[in-house]
Every structure is written in structure tokens, then in C-alpha cells.
Amino acid sequence: MESIFTFDSLLFTVLVKVLVIVAFFFVAALVVGYLEHKVMGHMQDRTGPMEAGLGPVKHGVGQLVADGAKFLQKEDIIPRSADPWVFALAPGVALVPTLTILVVIPFGPGVWAENLDLGLFFALAASGVTVIGVLMAGWASANKFSLMGAIRDAAQLIAYELPLVLAGAAVALQAGTLSLVGIVERQNELLLFGAVPVWYGIPQFVGLGLFFVAAMAELNRPPFDMPIADSEIIAGHMTEYTGLRFAFFLLSEYAGMVVLSALATVLFLGGWYPWPGAELPDGPLGAVIGTVVTLAKIIILTLLMTWARATFPRLREDQLQTMAWTILIPLALAQIVVIAIVIVVLP
Amino acid sequence: MSPDDIADLFVDRFGAQVIDHHDVYGKATITVAPEVLVDAARVCKESPELACTFFDFMTGVDLGDEGFAVLTHLYSPEHRHHVHLRAVARGGREDPRLPTLTGVYRGANWQEREVWDMFGVVFEGHPGLAPRILTVENFEGWPLRKDFALTSRLAKPWPGEPQKSSESKTGGSKGGDGTGAAATGGAAASSGAAPAGDQQQGERADDAQGAEHGAEQAESDRVARAKAKAAEMRRKKQAEREAQQAQQDGQGQQDDAPGDQGEEGSS
Amino acid sequence: MSETLASETSAGGVLPGAPGEALQVEVRGEGELQTQDMNLNVGPQHPATHGVLRVVIDVDGERIVGAQPVVGYMHRAFEKLAEHRDYRQIIALVNRHDWLSAFCNEVGVALAVEQMMELEVPERAQWIRTMMCEWNRIMNHLMFVSSFGLELGAITPMFYAFREREDIQHLMESATGGRLHFTYTRVGGLKDDLPLGFLKASEELVPVVRRRNQEYRDLLLGNEIFRARTKGIGALEPEVALDYGVSGPSLHATGVAEDSRVTEPYLKYDEVDVAVPVARNGDSYDRFQVLLDRIDASCDIIEQCLANLPPGPISAKVPKQIKAPEGAIYVRTENPLGQGGYYLISDGGKQPYRMRMRTPSFNNVQMIPHLLQGELLSDMVAIMGSVYFVVGDVDR
Chain A
1 MESIFTFDSL LFTVLVKVLV IVAFFFVAAL VVGYLEHKVM GHMQDRTGPM
51 EAGLGPVKHG VGQLVADGAK FLQKEDIIPR SADPWVFALA PGVALVPTLT
101 ILVVIPFGPG VWAENLDLGL FFALAASGVT VIGVLMAGWA SANKFSLMGA
151 IRDAAQLIAY ELPLVLAGAA VALQAGTLSL VGIVERQNEL LLFGAVPVWY
201 GIPQFVGLGL FFVAAMAELN RPPFDMPIAD SEIIAGHMTE YTGLRFAFFL
251 LSEYAGMVVL SALATVLFLG GWYPWPGAEL PDGPLGAVIG TVVTLAKIII
301 LTLLMTWARA TFPRLREDQL QTMAWTILIP LALAQIVVIA IVIVVLP
Chain B
1 MSPDDIADLF VDRFGAQVID HHDVYGKATI TVAPEVLVDA ARVCKESPEL
51 ACTFFDFMTG VDLGDEGFAV LTHLYSPEHR HHVHLRAVAR GGREDPRLPT
101 LTGVYRGANW QEREVWDMFG VVFEGHPGLA PRILTVENFE GWPLRKDFAL
151 TSRLAKPWPG EPQKSSESKT GGSKGGDGTG AAATGGAAAS SGAAPAGDQQ
201 QGERADDAQG AEHGAEQAES DRVARAKAKA AEMRRKKQAE REAQQAQQDG
251 QGQQDDAPGD QGEEGSS
Chain C
1 MSETLASETS AGGVLPGAPG EALQVEVRGE GELQTQDMNL NVGPQHPATH
51 GVLRVVIDVD GERIVGAQPV VGYMHRAFEK LAEHRDYRQI IALVNRHDWL
101 SAFCNEVGVA LAVEQMMELE VPERAQWIRT MMCEWNRIMN HLMFVSSFGL
151 ELGAITPMFY AFREREDIQH LMESATGGRL HFTYTRVGGL KDDLPLGFLK
201 ASEELVPVVR RRNQEYRDLL LGNEIFRART KGIGALEPEV ALDYGVSGPS
251 LHATGVAEDS RVTEPYLKYD EVDVAVPVAR NGDSYDRFQV LLDRIDASCD
301 IIEQCLANLP PGPISAKVPK QIKAPEGAIY VRTENPLGQG GYYLISDGGK
351 QPYRMRMRTP SFNNVQMIPH LLQGELLSDM VAIMGSVYFV VGDVDR
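Protein chains in written order, with my numbering: chain A, 1 to 347; chain B, 1 to 267; chain C, 1 to 396.
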């Protein structure tokens, strides 16, 4: 199937795709950020933002827009002893990989920018690049707390990229393709015991858990937020940042939540299909339904991450490493072996 | 152990080195010679009868010409008795010195640093008294010595502090920026306190005059007006009170009803 | 191989890291594997230090090899000021050094002066003081319950604990007129009697506090991550604790049940059952558990106070001029953070000749380097958050 954003003119096609992706990127980050503010507020016996809004619609819907406007007005400070170029570039380096992953994620039948044959590979590879921005920020800030945060983040990424990739690999193994669109479609055809239609999240529930935990760790979401642990190392690599550059880091965190939730949706939760074995009507109606379903699944996953943030204290760096290397990675490897055997034996 | 028993134990142990001992509200206060201070502390901690393992605090006391005493409070959680171990520093006011207790109690480290910071008592053998623990690093003088003046109190008398008011006058009339500030402060303080005045009325009148004197030289008219108003209120009030005061003169100290007290406190 | 790169600095109170000052740095390992300790200034403005405590630590990677608290940023010369105030003014003064235990502090001073003057404080005033001390204790502990969770990265307990704190604050405000600095005590009694409705509100609030306290137990003590972060971290031995003069929850967590409410009862603590919760290991977990248990114990005391509160006057007859007779006295009270005490020397005047404030936080903070040695940087917050202290109480 072709992407619905395909037109006769190549230039126009590229332009439309880029615009759609960038627009979605910002809007999604704002929506998720707003939801986190509100939902966590209510979890904590308070209301969250209530004032900023559009006309009669208040409840803080405009809060993040207002925040963004505020960040724009802040002075952009580059510390005297910082490495100015690296310091200035770092937020962008942290932000762009998240943006690029959006290129391959399918939101509905035909609603994607590009259907790469190596889609999963591309997404997982790009997600690892963010850490370079963080390392740049930490090193260039000339601040000990920043440096510690950046090193923690790098260590964390090495530990968690592995279970993330292995969990993804198991899905690719079962689907027999690395294309994300292909994975969604094959997933919907899966019949457990030859009768019960299920998504990969059921047979690979271990993988789903691994993927979700590893994604939270990679995004520095609590309880894995040691790299920016405010009570220990101020704000890690973000300590010296102000204004728009600081906002970029925040944006990349929220956008990262969306992207990795979307990946989890595609890999384990049936992508745009509302239930296992469902069939969507062809044409625009199907695309709309599919997109809504995908977005709903993404929001549910991001809310789960918010719930974890409101509930758990922070792990310690060494405890996190222990958990990754002694529990998650062996589990992921074992799961791959099991899936491989099942794939070979069962058909 | 009772305070007397504790004192006996020390006298037995150190003889004439125990300079003085008495029972202060149920707590033994033992004054020992500086030479045996460390030994005495060790006895307190290690002897099974005393077992004062809890190091509470240490404080300096300005004894005037005699120099400084350092009092260490020790407590025994086991026997539930207290020992105030006291020693007068050698060297008088010029160079007060005492042996350190850090070898006996770890908690003595910071407490001795604080005593040094506040009184200038040097503890010989302490691992590092400097830098000053509470005051700023380049602070000069020893703040809790009695000859260290609280300068803000010299410049601006605390309401109800009669013995300082004459000093404040001279301090205020020396002019400069300090004068205006002192007058403003005095005005604010006295007008705030005006409705509350009771037994201290007579004393406060002195203050008002002192502040008035300062106001003459104040640069700001506003300050002077406020001052004059406050002083006028003062005089009025005082006139009202004088009759009462005359009656009360004979009585000296007079009991105060609790309600009145509350009023004063809230002012 | 170990060498000193820079000039030797005197041990003890050195401030490493001040601009232009030589650092004593140890170099470990040989050749390319040489590592060098990093000197890290935590504070005086750092989220984990509750104010302006500064801890200068040397870290080898994330492991702390040396720590030196630097205090005094909030020194306000209370002991000097006290020599220039009369006793009633001092009560307003001592409210301020440990702002979370304001009421307990003012009671300490009042007790000292009353004992010297041999004043008989009316029963009702004593019962009210006891009850207020316990309300203040709960308020204080809730603050640390919230901040400890926050330091470990759990943000929710803070919002929860501030609910009850607010309720208690309203309650105390109704009686005292103050939210933080109550100044409700007077020498010889209290400022005012309790307002109408106070007792009823207290009775209703106690079960709420108790129920919510159980929620914190479930939320934090029952959490796997919380346990992993605090169990065995910063374990304090009882002998060391006594040696440093550590008191309060930190001491009780080591198993020493020294609490002057029990061992030397003041106010009405001899007529109520005072439970002193203790633990065994002295680690962060135990310190936190003791803190929560103390909230329950305080609830029990408040209920007993409510049941026993007699009618009567709330202030003794006191002379117009409060003058403590010549002499010296030491009065200690069990403040929320530990043993608070006032050593008062009077020359018979209306101002004390010398007033020494024995504050729990000073001794507790002095002990912190002992616990930090060899722990990880992340454990620093678990330790400093559980050795409960208030910076104003350290620096006075």
C-alpha cells in the first residue's frame, strides 16, 4: 500500500510529509505533556494547571503553549567556560532522532510517511542517537553535575538499548519482516493455537514488558530518571540550559514518550487495528479509524508512564544496571530463543 | 547517681584538681583544673558508674576578668544522670586555652570549633578549629564575649531597654547615614509599641526622647514628622499614665494578669 | 601509588574548592589507569540540602570518598541576641532557629525560666502545651515524610503529606494566630486559652492523620524501590550516635530509646503513655520507619491530652518584670528532630547573661560525614534526607 501523502510531484510529496511529521511532533508532545500535567495532578490530590486556555475552555489546555512562549522569552545563557558550539548544538542533536523515527511509524492504513523495509531497524537505531546529544550537553556545559548526568545517561542507554532491541528482534522474528507496516499486518493475521486471534503482545507478553521498561529507562522517565535526578545532580545534562534550548530537551522527552509508545503499539498491540483480527474499511474512513485507534493506544501507554512517575521513587544507578544486565537481558535472550524454536517447530 | 555521689566520685578520683562542685537543679556541675579535663571526661565516659556516653553540647561562658569557662554537658542514657564538666581556660582573656576533648568524644569536634568561633578559646590538639564554623571566614573578633558589642543595638536601641538609651543617643548623633536609619527604626519601633506600653512606660519615654534627638538631624522630613508624631503620642500616653504610675510606685513589682500579658505579646 | 598534588592543607575544617585554593587530590592507579577524585560542591544551593547546607564531597566515580559539611550560611547570632532581649522576647526569638519545631522550642525556654523562678504553671496550660508540642511534632514529621520521598524521586507523598500539614496548621493557627512562629507560650503559661471548637476539630483530625499515616506506610515503606534505596544505607551504630550526640529519630533508629519525655518527663508527659518507637539497624529505612511511628505515637498522646484536659486558668501569676534569679540551669526537651535544650545563665537581671541553644540538628549534621564515607552519590540523598535536620537549627 502507498502512503496517503504521496503525490505526483516528488518535491511536493516530500514537503507535505515533512510538514505533517513536524506538526505531529509538536502537537503530540504538547498533548502528552498536558495530559501528564493534568493526570499527575489529579493523582496527587491537586488539579494541575487550571488557568491558561482558549476563551471559555480553560482547565489549563493552553498551559504548555504558555510555557513555550515563556521559554522563548528567556535569556539564552551559555556559560562562560562552556564549549559554545557543542553546547548550542546539543539540544538539536537530542531532538532530531526522535523526529526521524516518526518517519517510519504507521498510524493507520496508509497513514505513514515512509514504509521502509528496514523500518524497525531504522527506528531502533535512530532512538540510540539521542544520547549523543545528551553527552554533548553534559560535556560542553563545563559543569560537574551535567557531566555526571550525561555519563549516567550513556551508561543507562547501553544497558537498556539491548533489551529494547532484543524485544524488537523477537517481534521481527515472529512476523518475518522488519517493515513496521508489515509487522502490523502480519500481527493481525496471527491465530493463537490456530483459532484465537491475538496480537504479539499476548504470546510475547515478556517482550512487551521488557520493551516498555526499557523504553522508560531510555527516555529517563521515572523511576529510571537518574540522569536528571533533581535531588542528586540538579538536572543532569540540562542544568546549565535555559530558554528555548531547555525547552528542546523537554520536548524531546515528551516526543520520545510518544514515539516509543507508538513503536510499542505497532510491535505488540496491533497497530491501527481496534481488536485482533479486525478489518478496517478501505479508503479514507479506514485511515481515520486506524489513526484514532493508534493514537488512543499511544495515549494509554503514555498515561501508564505518567502513572509510574507518580508512584515510584527513583532507582539507584547501580541498581538499574544490575536489573538490566542480570534480569532484563537474560530474559530477552531467553525469549528470543523460545520464539525462534516455536516459529521453527510449530508451522 | 545523685549529683552528690557524682561529685564525691570526682573528688575521690582527682582530689584537689576538682576546684568546685555543686548541684544545679539536679545536675552535677563539676569544675576541674584544665590539666585533668581530658581525664575527667574519659572517666565520665568510661567508668561504669558514670557511663556518660551521650555527648550533649559544649558552651563557653564569659567570666569577665577571670577569662572563660567551657562547660561540657554529658549524659548517661543508661543511668539517666547528667554531668556538667566545667573548666576555666588557662591564659585569662588574652590567650584562653584548653585541651581538646576530641580524643574522647567525636562530637566535641564541632562543638569546640563553635566555642573557638564564639569565644576565641583555643583547644590544643584539635584537628582543625579554622575556618570559623558559624561566622564568615574573615570575621574579626569573638562575638559572644561580653566586650564584643552588638553594634545594631548601639545604633538602634531595642524598645524597653533603658540602660542602652544613653549610648544610643551618642551613637545616633554622630550623624551620617546611620542617623536617619536609627531615627526611622526608633520611630517605627516606638509607634508600634505605643499601645502596648504598661510597666515599661517610664523607660520608653527615655527612648522616645533619644529618638527625637536623632530626628532633629534626620535628612528626611517624612521621618521627622513620623518621629514627632510618635513622640507626641508618647507624651500624651505618659501623661495619662503618670497618675497610675504614682500609685504603683510604692508597690514595686506588681503581678500581671494573664490577659494583659497576651496583649503585650501581640504588639 | 598515591601522591599529593597540591600543598598540604590542615585537616578538619578545610574548605576545599574555594576559588584559587589548592586542592588535595589523591591520584590512584598507575600510568593510563590513573584516576583522580572529583571534588563536588553540593550546596549551599542544592535541592537535596533543605536550605543552605553545603557539603563538599570527594567522589571517585559515584563513590564518595570524603565529605565535609560546611555550615554557617544561616548563622543569625541568636545566642548573642538572646543576651540583649528579655525573656518574653526570647520566646519569639527561639521560634526561629528550628522553624519546623517552633512550639517545642518556645516551651523549652519557658520551662527553663519557670524552673528558675519556681513558678507553678497551671494544669490546663501544661496540658495544652503538651498537646501543642505533639501537634507540632506531627507537623514537623510530615514535612520530612514528604521531603524524604521527594529526595528519593517519589513526588506524590509530598502533595499528600502537605494536606494534613495544612489541616494541622489551620488548627494551630486557630489557637495561636501563627502558622510557623506560634509564640503561644508565655513564661508562666500561655498567651490565650484555646478557641471554641478547637477540641472538636482536634478530635476529628487525629483519626485522619492516623489513617493517612498508614497510607504513607503503604506508599513508601511497602514500595520495592524504596526498600532497595534505603535498607542498609547509612547504617549508624548506637555507640557512634551517642558519641556524636545524635538524638531524636536518628538515635531511636539505632535502638537507643533515649527520649527525655520518658526518661525525664517535663510538662505532663509523666501522666500520659509515651511510646518511643525504636528500630534496630539504624539505616535510612529504620530512620524513616521511626519517623512514621512517631506520628502515631503523637496521635496517641494528643488523644490522652484531649481526654485529660482540665478547666482552669492558663497562666500563673507572674511578676511584671520577669527576672530569673541568679544561677544556671539546663532544660532539655524532646523536640521533633531530637533533643533540644537551653542552658541558661542568669545574673538576676531581666535578660539572660548567657543562653546556649543545644540544637539537635547541629550534632546530627556533624555525624553525616561518618555515614557518607564509602557510599554512592545517590545514597547521599537517602542519608541526608533521613538524618532529619533543619539548617536554621544547625546554624542558629
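Here a beta-carbon is modelled for each residue, glycine too, at the ideal position from N, C-alpha and C.
Check your understanding: Are at least three pairs of beta-carbons, each pair with one atom in the segment 289 to 308 of chain A and one in the segment 324 to 333 of chain A, less than 8 Å apart?
Key -> By the Cβ rule, the segment 289 to 308 of chain A does not count as touching the segment 324 to 333 of chain A, because fewer than three pairs are nearer than 8 Å.
Review point. For the putative contact between Leu119(C) and Ala257(C), defined by C-beta atoms under 8 Å, what is the C-beta separation to the nearest angstrom?
Key: Here residue 119(C) refers to the residue found at position 119 of the third sequence. Here residue 257(C) refers to the residue found at position 257 of the third sequence. Going by Cβ atoms, the distance from Leu119(C) to Ala257(C) rounds to 31 Å, so no, they are not a contact pair.
Point to revise | Rounded straight-line distance, which links the Cα of Ala231(B) to that of Gln209(B) | key: Here residue 209(B) refers to the residue found at position 209 of the second sequence. Here residue 231(B) refers to the residue found at position 231 of the second sequence. Here Gln209(B) scores only 45 on pLDDT, less than 50, and its place in the model should not be relied on; the value that follows carries that caveat. Across the structure, Gln209(B) and Ala231(B) are spaced so that their CA atoms are roughly 7 Å apart.
Check your understanding: Since Phe211(A) contacts Ala167(A) with CB under 8 Å, what's their CB separation in whole angstroms?
Key -> Looking up residue 211(A) in the first sequence gives position 211. Looking up residue 167(A) in the first sequence gives position 167. Contact holds; Cβ gap of about 4 Å.
Review point. Straight-line CA distance for Arg227(C) to Ala23(A)?
Key: Position 227 of the third sequence, counting from 1, holds the residue named residue 227(C). Position 23 of the first sequence, counting from 1, holds the residue named residue 23(A). Taking the straight line from one Cα to the other gives about 43 Å.
**Study point:** Cβ-based burial, Arg46(A) [other Cβ within 10 Å; buried from 16]
**Key:** Residue numbering aside, residue 46(A) sits at position 46 when the first sequence is read from its first letter. Classification for Arg46(A): exposed.
Point to revise | Proximity to Val394(C) [Cα-Cα], best of Glu114(B), Asn138(B), Leu98(B) | key: In the third sequence, the residue the question calls residue 394(C) occupies position 394. The shortest C-alpha separation from Val394(C) is found at Glu114(B).
Point to revise | Any C-beta of chain A under 8 Å from that of Ile329(C) | key: Residue 329(C) sits at position 329 when you count from the first residue of the third sequence. Ile329(C) does not count as touching chain A.
Practice item. Kindly list the residues whose CB is nearer than 8 Å to the CB of Val184(A), restricted to its own chain and excluding five residues on each side of it in sequence; keep chain order. Key: Position 184 of the first sequence, counted from the first residue, corresponds to residue 184(A). These residues qualify, in order along the chain: Pro106, Val266, Gly270, Gly271, Trp272, Tyr273.
Check your understanding: In terms of DSSP beta bridges, what is Arg174(C) paired with?
Key -> As a first step, residue 174(C) is located in the third sequence; it is residue number 174 there, counting from the start. One detail in the question is off: residue 174(C) reads as Ser in this sequence, not Arg. In the DSSP output, where bridge partners are listed per residue, Ser174(C) has none listed.
Check your understanding: Using DSSP with H/G/I as helix, E/B as strand and the rest coil, what is Thr72(B)?
Key -> Within the second sequence, the letter at position 72 stands for residue 72(B). DSSP places Thr72(B) in strand when its eight states are reduced to three.
Practice item. Alpha carbon to alpha carbon, how far is Ala140(A) from Arg80(A)? Give it in angstroms, no decimals. Key: Here residue 80(A) is taken as the residue at index 80 of the first sequence, counted from 1. Here residue 140(A) is taken as the residue at index 140 of the first sequence, counted from 1. In a straight line, the C-alpha of Arg80(A) is about 11 Å away from that of Ala140(A).
Review point. Does the beta-carbon of Ser9(A) have 16 or more other beta-carbons within 10 angstroms, so that it is buried, or is it exposed?
Key: The sequence position of residue 9(A) within the first sequence is 9, counting from 1. The residue in question, Ser9(A), is exposed, as its Cβ has fewer than 16 Cβ neighbours within 10 Å.
Review point. Which value, in whole angstroms, describes the spacing of the CA atoms of Val391(C) and Leu116(A)?
Key: Counting from 1 along the third sequence, the entry for residue 391(C) is found at position 391. Counting from 1 along the first sequence, the entry for residue 116(A) is found at position 116. Rounded to whole angstroms, the separation of the alpha carbons of Leu116(A) and Val391(C) is 59 Å.
**Study point:** Nearest neighbour of Arg54(C), chosen from Leu242(C), Val365(C), Glu83(C) [CA to CA]
**Key:** Residue 54(C) sits at position 54 when you count from the first residue of the third sequence. Nearest option by C-alpha distance: Val365(C).
**Study point:** Among His237(A), Thr311(A), Ile289(A), the one whose alpha carbon lies nearest that of Ala82(A)
**Key:** Position 82 of the first sequence holds residue 82(A). Looking from the CA of Ala82(A), the closest CA among His237(A), Thr311(A), Ile289(A) belongs to His237(A).
Check your understanding: Where do the N-terminal and C-terminal ends of the alpha helix (DSSP H) with Leu166(A) fall, by residue?
Key -> For the purposes of this step, residue 166(A) is taken as residue 166 along the first sequence, with counting starting at 1. Counting along the chain, the unbroken alpha helix (DSSP H) around Leu166(A) starts and ends at 144 to 175.
Point to revise | First and last residue of the uninterrupted alpha helix (DSSP H) at Asp62(B) | key: The sequence position of residue 62(B) within the second sequence is 62, counting from 1. Looking at the DSSP string, Asp62(B) is not in any alpha helix (DSSP H); the run it does join, the beta strand (DSSP E), is 54 to 62.
Check your understanding: For the beta strand (DSSP E) that contains Pro352(C), what are its first and last residues?
Key -> As a working mapping, residue 352(C) is identified with position 352 in the third sequence. That run of the beta strand (DSSP E) goes 352 to 358.
**Study point:** Cα-Cα separation, Leu320(A) to Leu280(A)
**Key:** The residue labelled residue 320(A) in the question sits at position 320 within the first sequence. The residue labelled residue 280(A) in the question sits at position 280 within the first sequence. In a straight line, the C-alpha of Leu320(A) is about 42 Å away from that of Leu280(A).
Check your understanding: Would the segment 106 to 117 of chain C and the segment 374 to 392 of chain C be scored as touching if the rule is three or more Cβ pairs under 8 Å?
Key -> No: the two stretches stay apart, fewer than three of their Cβ pairs being nearer than 8 Å.
Check your understanding: Quick one, which residues of the segment 129 to 148 of chain B are near chain C if we go by CB-CB under 9 Å, in chain order?
Key -> If the cut-off is 9 Å between Cβ atoms, the segment 129 to 148 of chain B has Leu129, Ala130, Pro131, Arg132, Ile133, Leu134, Thr135, Val136, Glu137, Pro143, Leu144, Lys146, Phe148 near chain C.
Check your understanding: By Cβ distance, which residues of its chain are closer than 6 Å to Glu36(A), with the 5 residues on each side in sequence left out?
Key -> By 1-based counting over the first sequence, the position of residue 36(A) is 36. Closer than 6 Å at Cβ, skipping near neighbours: Thr306.
Point to revise | Gly53(A) vs Val61(A) beta-carbon contact at 8 Å | key: Here residue 53(A) refers to the residue found at position 53 of the first sequence. Here residue 61(A) refers to the residue found at position 61 of the first sequence. Annotated as proximal: Gly53(A) and Val61(A), with beta-carbon spacing under 8 Å.
Exercise for review: Give the C-beta separation of Ser260(C) and Arg356(C) to the nearest angstrom, bearing in mind that I take them to be a contact with Cβ-Cβ under 8 Å.
Suggested key: The residue labelled residue 260(C) in the question sits at position 260 within the third sequence. The residue labelled residue 356(C) in the question sits at position 356 within the third sequence. 17 Å between Cβ atoms; not a contact.
Exercise for review: List the endpoints of the continuous beta strand (DSSP E) containing Asn41(C).
Suggested key: Here residue 41(C) is taken as the residue at index 41 of the third sequence, counted from 1. Annotation: the continuous beta strand (DSSP E) that includes Asn41(C) extends over 38 to 42.
Point to revise | Contacting residues, own chain, Cβ-Cβ under 6 Å from Met43(A) (five flanking each side not counted) | key: As a first step, residue 43(A) is located in the first sequence; it is residue number 43 there, counting from the start. Spatial neighbours of Met43(A) in its own chain (CB-CB distance under 6 Å, excluding positions within 5 residues in sequence) are listed in chain order as Ala310.
Practice item. Provide the residue span of the alpha helix (DSSP H) that contains Ser261(A), from first to last. Key: Numbered from 1 along the first sequence, position 261 holds the residue referred to as residue 261(A). Annotation: the continuous alpha helix (DSSP H) that includes Ser261(A) extends over 243 to 268.
Check your understanding: Near Val16(A), which residues of its chain fall below 6 Å by C-beta distance, leaving aside the five closest residues on each side in sequence?
Key -> Along the first sequence, read from residue 1 onward, the residue named residue 16(A) stands at position 16. Within the same chain, Cβ atoms closer than 6 Å to the Cβ of Val16(A) are found at Phe5, the five residues on either side in sequence being excluded.
Check your understanding: Is there contact between the segment 202 to 216 of chain C and the segment 290 to 307 of chain C, where contact requires at least three CB pairs shorter than 8 Å?
Key -> Yes, since at least three Cβ pairs between the segment 202 to 216 of chain C and the segment 290 to 307 of chain C fall closer than 8 Å, the two stretches touch.
Review point. Arg314(A) versus chain C: which residues are under 7 Å apart at the beta carbon?
Key: In the first sequence, residue 314(A) corresponds to position 314, counting from 1. Chain-order list of chain C residues neighbouring Arg314(A): Leu152, Gly153, by C-beta distance under 7 Å.
**Study point:** Within chain C, the residues that Gly107(B) reaches when beta carbons sit closer than 9 Å
**Key:** Taking the first residue of the second sequence as 1, we reach residue 107(B) at position 107. Against chain C, a Cβ distance below 9 Å from Gly107(B) picks out Leu242, Asp243, Tyr244, Gly245, Val246, Asn363, Gln366, Met367.
Practice item. Spell out whether any CB of chain B is found under 8 Å from the CB atom of Thr263(C). Key: Here residue 263(C) refers to the residue found at position 263 when the third sequence is read from its first residue. Taking Cβ atoms only, chain B reaches closer than 8 Å to Thr263(C), which makes this a yes.
Check your understanding: What are the start and end residues of the beta strand (DSSP E) that includes Arg332(C)?
Key -> Within the third sequence, residue 332(C) is the residue found at index 332, counting from 1. Counting along the chain, Arg332(C) sits inside the beta strand (DSSP E) bounded by residues 327 to 335.
Check your understanding: Just to check, is the beta-carbon of Pro222(A) closer than 7 Å to a non-hydrogen atom of the ligand COA?
Key -> Inclusion of the ligand COA in the displayed structure is not the case, the ligand content being empty and no account of it being possible.
Review point. Below 8 Å, can you find three or more Cβ-Cβ pairs linking the segment 27 to 46 of chain B to the segment 99 to 107 of chain B?
Key: Yes, the segment 27 to 46 of chain B touches the segment 99 to 107 of chain B.
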